[in-house]
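Following: one structure in structure tokens, then a few remarks.
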Amino acid sequence: MRIQNYINGQFVAPANGRYFDNVAPASGEVYGTIPESGSEDVNRAIEAAKKAFPLWSALTATQRSTHMLRVAQRIEERLDELAAAESKDNGKPLKLATRVDIPRARDNFAFYATAILHEASETHDMGAQGFNYTLRRPIGVVACISPWNLPLYLFTWKIAPALAAGNTVVAKPSEVTPATAYLLSQILDEVGFPAGVLNIVHGTGPAVGEPLVSHPEVPVISFTGGTATGARISQIAAPMFKKLSLELGGKNPNLIFADCDFEKMLRTTLQSSFANQGQICLCGSRILVERPLYDRFVAEFVQRVKTLQVGRPEDPATQVGAVVSKDHQAKILHYIQLAQEEGGTVQCGGHAVQVEGLEGGFYVAPTVITGLSMHCRTNQEEIFGPVVTIQAFDTVEEGLSLANATKYGLAATVWTQNLRRAHHVASEVHCGIVWVNNWLVRDLRTPFGGVKASGIGREGGFEALRFFTEPKNIYIDLG
Ligand code: NDP
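Residue numbers for the sequence shown follow the numbering used here, beginning at 583 and rising by one.
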């Protein structure tokens, strides 16, 4: 696949004419090329988005909705092809891309295309004196930058509300997984999406992402990715007073109490640990178990983890595919080594896996580590791979203090049948999202995001539409 930029409704080569290789994680083989774009391409895309803004923002909500629903429909029609491309580009099991990633990308467009039809502005009545009403207007050119773990899913999660609210967009997918963003540009072309409204520029973070977020005519940035990159973007944006939404890293705790529904908890914890090879920002990487259940949990969990099938992404029996790159595989293996140096015991996994016929692929066995303190690096730093640690706690307070003992605060799960305790723990755990007795149940209307080093701001539902618009309050005097 020879990927091209999509600027002003045209497929274009990067200005410097340079491309780099795209590698399939399952085999380690080069299978395509990616534009090595730079600031010239970014500037062209911003120009196109600026030019398209007056027209797009002047459309009625129904007109914008119609354009966006055509995109959703076309994603649905090309679902199998998109899922195959996502799985090849990222290494994730094909069935996961087919059941989750691509349907969710379609839903993101459909949800925001219809959400804008139900949005109402506010009035604050002051009786005989007068009243206020609040206009919510689109802002201008929005930068959307997304990571490689859920490529099209997270790319569309920001693009769709930005467009629905009436902004135009310059978007950059991760250079590691650009394939489905390119297919999305084909879809825009097929459905006749207005030129310049959504522009997609491919290339690296420093060469494309930085000029995009630094540009004075881009007042809004929606970024999902690592905490260090988020900090860098904040530094650039702050002196220019840009509006920022940052969805960053996590080190999420699962708080498991002895009275939980054991079978459901075990099944779900397997998922929350290793789905997408542990490369979901919402995966629970620190499993905290109440002492009376600890031994049973470790024994039965490890036994189940050992049965997980690591293999070829397109094989329907595969539960764990390849991690995204050779560098990422090396990083995960390095953390497993570090965990052992820190005194941890590897209960299972702990090594790379060779898949027959795909010897060049990047696979890591699902890994469970016990015996570590909460303050070691393994329990403090985001690994973002198929690696979890397990620790015991004795009281609710101790469980909470362990759960809250990292700089991150994205998500948590709580497993208990005790309603009072469930509410107490959910309210006291420091994070943006809590699931009680389940994991990753998503409702697109709910606020999504983290606290502390996991980010700033919320997306999802009307939160996203509020973020991508500027409120203006107008007072009318009746006196
Ligand atoms: P990165 O921060 O490395 O990259 C994210 C995006 O930012 C990529 O498109 C990247 O480009 C780009 N980028 C890199 N450097 C810059 C820069 N200086 N200026 C502007 N853009 C830049 O994260 P990863 O791709 O490694 O993704 C994994 C991270 O994402 C994890 O920390 C994970 O927790 C987090 N994440 C958070 C989620 C949340 O909702 N909170 C959801 C999913 C993931 P390129 O890759 O092309 O260099």
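Even for Gly, the Cβ is constructed at its ideal location relative to N, Cα and C.
These numbers were taken from a predicted model, which means no experiment stands behind them.
Around the Cβ of N781, a 10 Å sphere holds 16 or more other Cβ atoms; the residue is buried.
Around the CB of T648, fewer than 16 other CB atoms lie within 10 Å, so the residue is classed as exposed. Using a 10 angstroms sphere on the CB of L770, the tally of other CB atoms reaches 16 or more, which defines it as buried. For V978, the enclosing alpha helix (DSSP H) has its first and last residue at V978 to A985.
For S647, the secondary structure class from DSSP, reduced to helix, strand or coil, is helix. Leaving aside the five residues that flank E964 on each side, the residues in its chain whose CB is nearer than 8 Å to its CB run, in chain order, G808, T809, G831, G832, K833, S867 and Y990. Under the DSSP definition of a beta bridge, E872 partners with F975. Here W739 carries a helix assignment [DSSP, helix/strand/coil]. Rounded to whole angstroms, the gap between the alpha carbons of C726 and Q711 is 43 Å. If you check the C-beta of N714 against ligand 1, you find no heavy atom less than 7 Å away.
With a cutoff of 8 Å on beta-carbon distance, T998 and W1017 are scored as not near each other. Between N1019 and T806, the alpha-carbon positions lie close to 27 Å from each other. The beta carbon of N625 sits no closer than 7 Å to any heavy atom of ligand 1. When DSSP states are grouped into helix, strand and coil, W638 belongs to the helix group. A residue is called buried when at least 16 other Cβ atoms come within 10 angstroms of its Cβ; T750 meets this threshold and is buried. Residue environment for N690: buried (at least 16 other C-beta atoms within 10 angstroms of its C-beta). For a cut-off of 8 Å, the C-beta gap from G943 to S669 is around 13 Å, too long to register as a contact. Rounded to whole angstroms, the Cβ separation of L765 and A667 is 6 Å, and the two are in contact under 8 Å. Residue burial annotation: P743 is buried, with at least 16 other C-beta atoms found within 10 angstroms of its C-beta.
DSSP, read as helix, strand or coil, puts I657 in helix. Residue nearest to A692 within the set P733, T644, V724 and T680 is T644 (criterion: CA-CA distance). The beta carbon of L915 sits closer than 8 Å to those of H933, A934 and V946, all from its chain and outside the five residues before and after it, given in chain order. Annotation: E799 to W638 spans about 17 Å, alpha carbon to alpha carbon.
Per DSSP, reduced to three states, the secondary structure at R1003 is helical.
Excluding five sequence positions before and after T850, the CB atoms of its chain that fall closer than 7 Å to its own CB belong to N1020 and W1021, given in chain order.
If the five residues before and after G1042 are omitted, its C-beta is found closer than 8 Å to the C-beta atoms of L1026, R1027, T1028, P1029, F1030 and G1031, all from its own chain and listed in chain order.
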